[in-house]
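*Asks:* Numbering (our numbering), first residue to last: 3 to 142.
The structure is reproduced here in structure tokens:
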């Protein structure tokens, strides 16, 4: 049986991760407040139920419960809003005791705080910068 994953945010990153995880046989629910962002999700996977869609605020208990947070192995906070991601990630970790929680942040200053709470932090800025720096040959 696959891993049960709840994702908050269906932008390009959330949609791609949801699609990939669903294709690999995992149970995927995605919470998204914006009906226009939902268009990023592969229609066939949503229609078939491979990806379960909950339209609502990803940090609200109602939406989190509708998405199955109580049974989730993983919660991914991937919206474009650092504050919303942090709130939802903390709630998943502390209230629902989700084993693995990942929070996307733009502000690197939040990394230490969220890491201290047992949340894995990822930053698109850091990831892209690291990849680019790896392509630059050593100058020294």
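Glycine residues also receive a C-beta, built at the ideal position from the N, C-alpha and C atoms.
Rounded to the nearest angstrom, what separates residue 15 and residue 80 at their Cα positions?
*Replies:* Cα-Cα distance, rounded: 7 Å.
*Asks:* Taking residue 100 as the reference, which of 107, 91, 108 has the closest Cα?
*Replies:* Out of 107, 91, 108, 91 has the C-alpha closest to the C-alpha of residue 100.
*Asks:* From residue 121 to residue 27, what does the alpha carbon distance come to, in whole angstroms?
*Replies:* C-alpha separation (whole angstroms): 25 Å.
*Asks:* Candidates 105, 4, 12: which alpha carbon is nearest residue 117's?
*Replies:* Comparing Cα-Cα distances from residue 117 to each of 105, 4, 12, the minimum goes to 105.
*Asks:* Look at residue 60 and residue 10 and say whether their C-beta atoms are less than 7 Å apart.
*Replies:* Yes. Within cutoff.
*Asks:* Among the residues of its own chain, which have a CB less than 6 Å from the CB of residue 29, if the five just before and after it don't count?
*Replies:* Hits under 6 Å: 4, 6.
*Asks:* DSSP puts residue 66 in a beta bridge; with which residues?
*Replies:* According to DSSP, residue 66 bridges with nothing at all.
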